[in-house]
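Notes for the one structure printed next.
Residue numbers (full-length UniProt numbering): 1 to 270.
Here it is as structure tokens:
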């Protein structure tokens, strides 16, 4: 909540309890920092300053606009796209003066948060209840966000896989984004997903992957775009079987060809 007691809506559909891998994203950095060193059943409260939360408030991002210059039917609470590409909230309407107030700041910008935590349980990351898989379905940012919102997923990481770049001495090195976009490295944008098999099934993970690549139909496939290839990089025989079954169902519907205009079949790698 905010320091003045105002309740905040949840950013993710996780309810009042969350499971995550310490130090591996999925939640704001201030949550990881607060949990560090806690013991099971310990409670901890801390204030989170604006710079660690939603950033400072910038007055220059707020402005009053004459009503005649706004879209018909606009009302307080709407979000509007500005000509500079930014999105602003409609925060006030003054009919007497014929003005609408727009604000491009986050609703909680400049506010101090009050964070209250209770550590219910602590498990090692290599616990047998956890499984890992790497998945590719277009741009990794939207796909990672979809998995972060899925109950049972405890950690995600976006990166590149199944490619190669070498340094001047022949040593393997990490690629730059421009190198990946060139289509010459073989790398694919993918998301590493660590999940609790007792909470979410691998089949559900594959369903989310299929939905996470929904925007690919708008990508310019006349360009190389090789980093947006699909892939299911399984880590067990059970995952391989499920991936092959998912692949068969997908191709029967001819879904990939219809969505991306990419004639290549969906790939399943181990």
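Just so it is clear, CB atoms sit at the ideal spot from N, CA and C, and this is done for glycine as well. These numbers were taken from a predicted model, which means no experiment stands behind them.
Cα-Cα, which of 54, 84, 19 and 189 is closest to residue 30? With distances taken between Cα atoms, residue 30 lies closest to 54.
Margin query: Does the contact criterion of 3 or more C-beta pairs under 8 angstroms hold for the stretch 151 to 166 versus the stretch 192 to 208?
Written below: yes
Exercise. Return the residue from the list 39, 52, 99 and 83 that minimises the CA-CA distance to residue 76.
Key: 99
**Q.** Buried/exposed call for residue 146, threshold 16 Cβ in 10 Å
**A.** buried
request  = Following the continuous beta strand (DSSP E) through residue 66, name the residue where it begins and the one where it ends.
outcome  = 62 to 66
Would you kindly work out how many angstroms separate the C-alpha atoms of residue 160 and residue 92, rounded to a whole number?
-> 44 angstroms
Worksheet item: Which residues bound the beta strand (DSSP E) around residue 100?
Response: 99 to 103
Looking at residue 172 and residue 164, is the spacing between their C-beta atoms short of 8 angstroms?
The answer is yes: Cβ separation under 8 angstroms.
* Asked: Using a Cβ-Cβ cut-off of 7 angstroms (strictly less than) and excluding sequence neighbours within five positions of residue 61, which residues of its own chain qualify?
  -> 103, 104 and 105
Nearest-angstrom Cβ-Cβ length linking residue 119 and residue 34, presumed shorter than 8 angstroms: Residue 34 and residue 119 do not touch by the CB rule: their CB atoms are close to 10 angstroms apart, not below 8 angstroms.
Item checked: Counted within 10 angstroms of its Cβ, other Cβ atoms place residue 41 as buried (16 or more) or exposed -> exposed
**Report entry** Between the CA atoms of residue 59 and residue 97 - distance to the nearest angstrom
**Finding:** Cα to Cα, the separation comes out at about 21 angstroms.
Q: Compute the distance between the beta-carbons of residue 109 and residue 50, then report whether it is under 8 angstroms.
A: yes
Where does residue 35 fall in DSSP's three states? helix
Residue 246 classed as buried or exposed, judged by whether at least 16 other C-beta atoms fall within 10 angstroms
Result: buried.
Item checked: Under the three-state DSSP convention, the category residue 81 falls into -> strand
Residue 141, buried or exposed, once every other Cβ within 10 Å from all chains shown has been counted against 16
exposed
Checklist line | Ordered list of alpha helix (DSSP H) runs contained in the stretch 129 to 155, each at least 4 residues | finding: 140 to 148
(request) Please report how far the alpha carbon of residue 115 lies from the alpha carbon of residue 45, in whole angstroms. (result) Cα atoms of residue 115 and residue 45: separation of roughly 6 angstroms, rounded to the nearest angstrom.
* Rounded to whole angstroms, what's the CA-CA distance from residue 205 to residue 121? Just pull it up for me. => 24 angstroms
Along the chain, where does the beta strand (DSSP E) containing residue 191 start, and where does it finish?
188 to 196
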